[in-house]
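A short write-up of the structure that comes next.
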Amino acid sequence: MRFLPAGLFLFAISASLQAATPTADPASARRVRADIEFLASDGLEGRDTGSKGYQIAADYVASQFRAIGLEPAGEKGSWFSQVPFRRASFDKAPALTLNAGGQRIVLEQGKDASLRPSVTEKQRRYSAGFVFVGYGLKDARYRLDDYRGLDLRGKIAVALSGTPKGLPSEIEAHLNASKDRMAAEAGAVGFVEISRKSGGRSSVGRASKPLIDWVDSSGQAGSTPPGLKMQLSLSEGTAARLFEGAPRSLASVRADAKDDGKAGPRGFALRPTLSVEGENKWEDFTSPEIVGLLKGSDPTLAAQHVVLMGHLDHLGVKPDAKPGEDGIYNGALDNAAGVATMLEAARLFASQPLRPKRSILFIANTGEERGLLGADYFANHPTVPTQSIVGLVDLDMPLLLYPFTDVTAFGADHSTIGAMVASAAGSMGVAVSPDPMPEEAIFTRSDHYMFVRRGVPAVLLMTGHANGGKEVWNSWLGKIYHSPQDDLTQKIDWDAGARYAQLNYRIARAMADAPVRPMWLQGDYFGDLFDPKGVRAPAKP
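Quick note: to get the working numbering, add 29 to the position in the sequence shown (first position is 1).
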């Protein structure tokens, strides 16, 4: 691991930024408005992944990319990178049989247990035993290894929900989302998570619902770790039966978790076995990422790419809407606003007399509402060399409902992009505020995180809580978020949209023109985990 002098990565960050505090350009505000009004119109029917409305939106974004003067950067010289999706479901409930305490117990799918549909195996016929694995975590930084001394080969890992106490919220969220992969890496063929609390919330009724994931030509799937054949949810009664004849009961290990300081309860083999037999119904479809390129001007740095992205998809149409009820999830702010301001940032780039030194890649993502799937596919199958992507800004759900005076850059404290955000915002008289809701671990919950997992420093930029923003955010999240009310009847501040686009342009421009690429900070958890050999910048004092 190498380190650079503290001053080098800050040099020239502001060189291409104007010093004066800008007001919103009325023409820019009108363009942002026009884009949002089209993308959030009823005619696009909520832009659900793979739908006709989404394709119309994708064609619109591609046409805007062309009008701006970008170059196609999708597959085969097109604007599109098609994501191969698969919807898996059950026509007939799978047969699940638990052998415990000398008894053969037939489990009812959706009541006693739920087997998640599979996008990688059409037919499944397996029998496997169980191993309790504590929290099911393995992490060198925090000295966690719940798999130490356990043989998971051919077994189903049984993990308690949650993590040990005291972990930072972003790391806790990352570990929680990685449990199934950790189980697969330990040799498990199945994974089940049970509540750490008696009577805790069960997902049995939801786990057997249709599953959508990407599956590439090699059979790799986005959210299904290689080697993992079964992912299950169990009822409280079924979970308790797994511990029959074991050294400890489920109640006992839960008590350990409740009183836990840092280490979780140790794992041990369980006696029951499970037999599974079922056939999946598959429906394959595609939905595109839309990718445009502005080539850089520097003979060397133009081979590197800075990414501006926002998700284009939303939730479609409410399936059980009553006659006369508004059932369209228009997604005006989530995330027509993010895509519209990305388009305006692209126009700002294209209108400058000097092109940026590094190339800029503009991406409108599909499948975000389905689990960050489009971004995940592109991060794993990029249309430019993976190592050429050096930094990323994600434009997701800017609340353009008030004249914002601050922003929050989720992830800014992990890399040198934080300094660039502060400089760009300062040039506009905008403050950068700390994460106002760290418990939500937002850094790990949007499309940019799929690129973080590939080692790319990234931030998610949202309008902040100052100048009345806190009240607006609280009200909007409580009443409007993911509802048909996120539509064009909201009192959208179009000037705020123009300013948000300008700010994102300035951040990306600073990244593109800086003498060195964005770097993870020394000792950063995510940098060390996902880019262990990369160059580091000194950590902030």
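Just so you know, even glycine gets a beta-carbon here, dropped at the ideal spot from N, CA and C.
Every value quoted in this text rests on a predicted model; they were computed, and no experiment measured them.
In this structure, the straight-line span from the alpha carbon of His410 to that of Gly403 is close to 10 Å. In the structure shown, the three-state DSSP call for Trp311 is strand. Contact between Phe559 and Gly484 holds, since their C-beta atoms are separated by about 5 Å, short of 8 Å. Taking 9 Å as the cut-off, the Cβ atoms of Arg270 and Ala157 do not count as close. When only Cα atoms are considered, Leu125 and Gly248 end up about 26 Å apart. The bridge partners DSSP lists for Thr437 are Met491. Per DSSP, Phe555 lies in no beta strand (DSSP E) segment; the continuous alpha helix (DSSP H) that holds it begins and ends at 554-559. Between Val436 and Thr370, the gap from beta carbon to beta carbon reaches 9 Å or more. Of the candidates Ala217, Ala215, Ala86, Leu532, the residue whose Cα lies closest to the Cα of Val450 is Leu532.
Each of Lys508, Val545, Arg182 was checked against the Cα of Gln519, and the nearest Cα belongs to Lys508. Rounded to the nearest angstrom, the Cβ distance from Leu424 to Leu490 is 6 Å, consistent with a contact under 8 Å. Between the segment 387-404 and the segment 304-324, the count of Cβ pairs shorter than 8 Å is three or higher; the stretches touch.
Nearest to Ala53 by C-alpha distance, out of Asp342, Lys562, Ala525, is Ala525. The three-state secondary structure of Asn205, taken from DSSP, is helix. Per DSSP, the unbroken beta strand (DSSP E) holding Arg115 starts and ends at 109-118. Rounded to the nearest whole angstrom, the C-alpha separation of Leu337 and Gly458 is 22 Å. Excluding its 5 nearest sequence neighbours in each direction, Phe472 has C-beta neighbours in its own chain below 6 Å: Glu199, Phe439, Gly440, listed in chain order. A straight line joining the alpha-carbon of His334 with that of Ser326 spans about 12 Å.
Sorting Ala495, Arg474, Gly497 by C-alpha distance to the C-alpha of Ala487 places Arg474 at the top. By the neighbour-count definition (other C-beta atoms within 10 Å, threshold 16), Arg535 is a buried residue.
The C-beta distance from Met426 to Leu362 rounds to 6 Å, short enough to fall under 8 Å. With a 10 Å radius around the Cβ and a threshold of 16 neighbouring Cβ atoms, Thr329 comes out exposed. Counted as a single uninterrupted DSSP element, the stretch harbouring Asp175 is not any alpha helix (DSSP H), since DSSP gives it neither H nor E.
The beta-carbon separation of Arg76 and Ala86, rounded to 5 Å, stays under the 8 Å limit for a contact. Beta-bridge pairing by DSSP links His343 to Asp77.
With respect to the C-alpha of His443, the residue from Asp553, Leu401, Ala495, Ala453 having the closest C-alpha is Asp553. Proximity to Thr253 across Tyr358, Ser110, Arg172, Ser147 peaks at Ser147, based on C-alpha coordinates. Annotation: the continuous beta strand (DSSP E) that includes Ala188 extends over 185-189. Tyr358 and His340 do not touch by the CB rule: their CB atoms are close to 13 Å apart, not below 8 Å. Here Arg116 is near Glu312, since their CB atoms are less than 9 Å apart.
For Asp64, the secondary structure class from DSSP, reduced to helix, strand or coil, is helix. Note on geometry: alpha-carbon atoms of Asp476 and Pro382 lie some 31 Å from one another.
In the three-state scheme derived from DSSP, where H, G and I count as helix and E and B as strand, Phe220 is classed as strand. In the structure shown, the three-state DSSP call for Tyr406 is helix. In the DSSP assignment, Trp549 is bridged to Ser444, Arg565.
In the DSSP assignment, the residues bridged to Gln260 are Phe220.
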